[in-house]
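Asks:
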Ligand code: SF4
């Protein structure tokens with residue numbers, strides 16, 4: 033399991049529903065894996081926007097009564113994990129503001145690498161910010177260009193650098209946009225009895241019975257209103273930089289992402305891993321739940337038996353639900369049981385999707401040893417993560433990545449396993465169908481598509497805000 037790491041957000045929007053809030057709630061529920069810190073819904077009744085946001089899981093934030101109060105036929109929603117700005121209520125999205133153009137609500141997935149620069153320039157001109165998110169700067173851009181530009185949304189987006197899949201709600205329409213590189217997914221769906229919708233992942237469409245129409249193209253804005261949907265470009269599409277890590281770990285296995293089903297890609301990653309690094313063993317066990325899909329592929333390719341030797345405690349949340357290290361440590365200890373009667377005296381291949389800091393993985397390997405495993409051969413279905421992500425995944429800073437300054441042999445030694453293999457970059461990219469240069473692989477090889485000399489880290493905007501008030 034990719035320990036102590038990263039996550040991003042999920043966005044959703046729908047127009048023309050009898051009870052928009054209920055459908056948005058369902059869609060956010062289906063996208064809960066994309067962010068567990070806060071959730072929010074904003075709806076339009078045609079005249080006004082109404083919203084509610086709160087800390088916690090979707091089901092905690094929205095009671096049936098709360099949903100009934102959100103009356104509207106259209107709306108947007110957001111699942112948040114804090115990639116910039118801390119985990120606080122005021123940072124929960126959708127952000128909602130009133131500006132010279134009226135009301136607007138906004139939900140964002142991704143990270144803007146020039147947010148601090150833009151924010152500073154606005155603050156020097158007297159603008160006041162209410163949150164420490166990178167997203168808020170987009171609202172200021174929108175307001176600044178409202179009177180001077182024919183298409184203020186497009187103009188605002190011209191100023192952004194980085195990753196953004198965005199959904200904006202106005203009383204009379206939804207605007208959905210994707211950055212010109214297409215880092216994060218954003219898809220369009222059509223419901224039978226409501227209208228068009230947009231979502232981060234196709235599993236959200238499935239959850240509300242919507243048909244997948246197509247992806248929002250990189251550099252495209254889609255307007256959804258009573259007339260259906262319309263498309264316009266705000267920028268030329270760049271060479272795509274789809275986040276390959278969405279396939280490795282982040283997205284729901286049921287989703288179609290960048291043209292591929294996630295589960296099938298993960299199985300292919302496992303098959304390729306088995307071809308790259310075969311080893312004699314008694315059976316294969318997955319690291320639950322993150323290694324399951326790749327372990328199926330590894331087992332199929334190697335002909336070895338697939339067994340469950342590590343059992344998750346279903347009543348403990350995903351380790352990374354809590355973003356602070358101390359909370360994570362407790363959750364990790366509670367999270368899994370090793371079945372001694374299965375692993376004792378056996379040579380085991382353990383499959384996981386990735387390793388970030390390595391401390392959680394080491395704990396699990398120790399657990400397997402204590403349970404009597406004779407040999408442990410660890411196989412990881414992506415290359416070593418050596419560089420930070422500036423585009424929406426919250427890896428720890430580089431010095432905390434286990435692979436940043438260690439050789440494979442040193443990592444093997446640290447984890448206490450008999451052998452270790454990470455899938456090669458070529459092997460990983462052979463498992464997705466779009467051309468290999470259409471994927472971002474920067475966290476593996478340091479090849480960033482944009483200049484990241486002055487990136488915004490998770491808490492930069494917060495520090496900036498504190499400095500101003502100290
Ligand atoms: S750096 Fe890694 S995690 Fe970040 S967008 Fe690129 S592939 Fe995804």
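In the numbering used here, the protein residues as written are 33 to 502. From the three backbone atoms N, C-alpha and C, an ideal C-beta is built for every residue, glycine too.
1. What number of angstroms, rounded off, separates the C-alpha of residue 243 from the C-alpha of residue 121?
2. Between residue 41 and residue 245, what straight-line distance do the alpha-carbon atoms span, to the nearest angstrom?
3. Identify whether residue 239 lies in helix, strand or coil by the three-state DSSP scheme.
4. Could you tell me how far apart the beta carbons of residue 435 and residue 418 are, in whole angstroms, since I believe they sit closer than 8 Å?
5. Tell me whether residue 238 is buried or exposed, calling it buried when 16 or more other Cβ atoms sit within 10 Å of its Cβ.
6. Taking the straight line between their C-alpha atoms, what separation do you get for residue 453 and residue 440?
7. Reducing DSSP to helix, strand and coil, say where residue 22 ends up.
8. Considering only residues of the segment 132 to 201, which uninterrupted alpha helix (DSSP H) runs meet the minimum length of 4 residues and lie entirely inside it, listed in chain order?
9. Using three-state DSSP, classify residue 232 as helix, strand or coil.
10. Taking just the CA atoms, how far does residue 75 sit from residue 234?
11. Assuming residue 309 and residue 213 form a contact by the criterion Cβ under 8 Å, report the distance between their Cβ atoms to the nearest whole angstrom.
12. According to DSSP, is residue 263 part of a helix, a strand, or is it coil?
13. Is it right to say residue 91 is buried, meaning 16 or more other beta carbons lie within 10 angstroms of its own, or is it exposed?
14. So who's on the other strand from residue 247, going by DSSP bridges?
15. The ligand MG and residue 474: does any heavy atom of the ligand fall closer than 7 Å to the residue's C-beta?
16. So is the beta-carbon of residue 290 under 7 Å away from any non-hydrogen atom of the ligand SF4?
17. Give the list of continuous alpha helix (DSSP H) stretches no shorter than 4 residues that lie fully inside the segment 258 to 322.
18. Report buried or exposed for residue 153, applying the criterion of at least 16 other Cβ atoms within 10 angstroms of its Cβ.
19. At what residues does the beta strand (DSSP E) containing residue 383 begin and finish?
20. To the nearest angstrom, how far is it from the Cα of residue 174 to the Cα of residue 188?
21. What is the rounded straight-line gap between the Cα of residue 190 and the Cα of residue 286?
22. For residue 485, which residues of its own chain have a beta-carbon under 7 Å away from its beta-carbon, when the five flanking residues on both sides are left out?
23. The ligand SF4 heavy atoms versus the CB of residue 478: any closer than 7 Å?
24. Thinking C-alpha only, which one of 383, 227, 330, 257 is nearest residue 202?
25. Determine the burial state of residue 382: buried for a count of at least 16 other Cβ atoms within 10 Å of its Cβ, exposed for fewer.
26. Just the Cα atoms here: how many angstroms apart are residue 474 and residue 216?
27. Would the C-beta of residue 388 count as close to the ligand SF4, meaning under 7 Å from any of its heavy atoms?
28. Taking DSSP as the reference, what is the three-state secondary structure of residue 121?
29. Should residue 79 be labelled buried (16 or more other beta-carbon atoms within 10 Å of its own) or exposed?
30. Could you tell me whether the Cβ atoms of residue 450 and residue 407 are closer together than 8 Å?
31. I want to check one thing, is the minimum distance from the CB of residue 311 to the heavy atoms of the ligand SF4 below 7 Å?
32. If you draw a straight line from the C-alpha of residue 399 to the C-alpha of residue 229, how long is it?
33. Per DSSP, what kind of secondary structure is residue 472 in: helix, strand or coil?
34. Determine the closest residue to residue 102 out of 81, 267, 204, with distance taken between C-alpha atoms.
35. Cα-Cα, which of 104, 183, 267 is closest to residue 193?
36. The beta strand (DSSP E) that contains residue 412, what's its start and end?
Replies: Put simply:
1. Going from the Cα of residue 243 to the Cα of residue 121 covers about 33 Å.
2. Approximately 22 Å, taken between the alpha carbons.
3. In this structure, residue 239 counts as helix in the three-state DSSP scheme.
4. Approximately 5 Å separates the beta-carbon atoms of residue 435 and residue 418; this is inside 8 Å, confirming the contact.
5. Residue burial annotation: residue 238 is buried, with at least 16 other C-beta atoms found within 10 angstroms of its C-beta.
6. Spanning the alpha carbons of residue 453 and residue 440 requires a straight line of approximately 8 Å.
7. In this structure the chain extends from 33 to 502, so residue 22 is not present and cannot be described.
8. Runs of the alpha helix (DSSP H) lying entirely within the segment 132 to 201 and spanning at least 4 residues, in chain order: 147 to 156, 168 to 176, 184 to 190.
9. Looking at residue 232 - three-state DSSP - the assignment turns out to be coil, as it is neither helix nor strand.
10. Straight across, the Cα-Cα distance linking residue 234 with residue 75 is about 21 Å.
11. Wrong, their Cβ atoms sit about 32 Å apart, outside the cutoff.
12. In this structure, residue 263 counts as strand in the three-state DSSP scheme.
13. With fewer than 16 other Cβ atoms within 10 Å, it is exposed.
14. Residue 247 is bridged to 219.
15. Looking at this structure, you won't find the ligand MG anywhere; what it does contain is the ligand SF4.
16. No, the ligand SF4 has no heavy atom inside 7 Å of this Cβ.
17. Listed in chain order, the alpha helix (DSSP H) elements of length 4 or more contained wholly in the segment 258 to 322 are 294 to 308.
18. Exposed, by the Cβ-count rule.
19. Here the beta strand (DSSP E) through residue 383 covers 379 to 384.
20. When rounded, the distance between both Cα atoms is 5 Å.
21. Using only the alpha carbons, I get a separation of about 33 Å.
22. If we look at residue 485 and ignore the five residues flanking it on each side, it has no Cβ neighbours.
23. No, the Cβ of residue 478 stays beyond 7 Å of every heavy atom of the ligand SF4.
24. Shortest Cα-Cα distance from residue 202 to any of 383, 227, 330, 257 involves 257.
25. Around the Cβ of residue 382, a 10 Å sphere holds 16 or more other Cβ atoms; the residue is buried.
26. Their backbone Cα atoms lie some 14 Å apart in a straight line.
27. Because no heavy atom of the ligand SF4 lies under 7 Å away, the Cβ of residue 388 does not count as near it: no.
28. Helix, per DSSP.
29. With fewer than 16 Cβ atoms within 10 Å of its Cβ, residue 79 is classed as exposed.
30. A Cβ-Cβ contact shorter than 8 Å links residue 450 with residue 407.
31. At a cut-off of 7 Å, the beta-carbon of residue 311 does not count as near the ligand SF4: no heavy atom of the ligand is closer than that.
32. Going by the C-alpha atoms only, they are around 46 Å apart.
33. Here residue 472 sits in strand by DSSP.
34. For the residues 81, 267, 204, the minimum Cα distance to residue 102 belongs to 81.
35. In this structure, 267 is the residue among 104, 183, 267 with its C-alpha nearest to the C-alpha of residue 193.
36. Per DSSP, residue 412 belongs to the beta strand (DSSP E) from 407 to 412.
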